[in-house]
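Residue numbers (the working numbering): 59 to 186. We treat Cβ as the ideally placed atom computed from N, Cα and C, and that holds for glycine. Bear in mind that the values here come from a model prediction, so they are computed numbers and not experimental data. To start, the structure itself, in structure tokens.
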Amino acid sequence: MSDAPEPIHVHVTTRYLAERSDPDHGRYAFSYTVEIRNDGKRPFQLLRRHWLVESDNGHKQEVSGEGVIGQQPRLEPGHSFRYSSWTLLQTPTGHMRGRYYWVDDQGNGFWAPVPPFFFEVPGTRVLN
């Protein structure tokens, strides 16, 4: 198992879910859509995920498990996989980061990092 750079690229978009949120009780729901692309020359399969979700008040939640949304997608070279999920924060802004564990056909594994992405209720950003 290594943390060596591999040709897996991740792009994330987020959206505030007003219909699932309850700001009066510190519940801010956000969806996130992840697109994962294999730019390498060999196939890889996603086996595990690990997320750190952090509200801007410092509250942290770690989430780990097998695959994503009940799947362990296999990506052929040049192919991508897209999925959506959601999370709750205690504040109107926060962020999430993590990593995915991948294996190739020979069983060689590596963690591919997912850089931080941000959640923000529209109209809450304070500019100095």
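(1) For E120, count neighbouring C-beta atoms within 10 Å of its own C-beta (all shown protein chains included) and say buried if the count is 16 or more, exposed if not.
(2) Please name the residue or residues paired with K99 in a DSSP beta bridge.
(3) According to DSSP, simplified to helix, strand and coil, what is P131?
(4) Does the Cβ of A62 have 16 or more other Cβ atoms within 10 Å, making it buried, or fewer, making it exposed?
(5) Short check: CB of F177 to CB of F88, under 8 Å?
Inspection of the coordinates gives the following:
(1) As a working note, residue 120 is residue 62 in the sequence shown. Exposed: under 16 other Cβ atoms inside 10 Å.
(2) Here residue 99 refers to the residue found at position 41 of the sequence shown. DSSP output for K99 lists no bridge partner at all.
(3) On the sequence shown, position 73 is the one that residue 131 refers to. Coil.
(4) Taking the first residue of the sequence shown as 1, we reach residue 62 at position 4. Residue placement at A62 cannot be trusted, given a pLDDT of 46 that sits under 50; what the coordinates show is reported in the next sentence. A62 is exposed by the Cβ-count criterion.
(5) Here residue 177 is taken as the residue at index 119 of the sequence shown, counted from 1. Here residue 88 is taken as the residue at index 30 of the sequence shown, counted from 1. Taking 8 Å as the Cβ cut-off, F177 and F88 qualify as a contacting pair.
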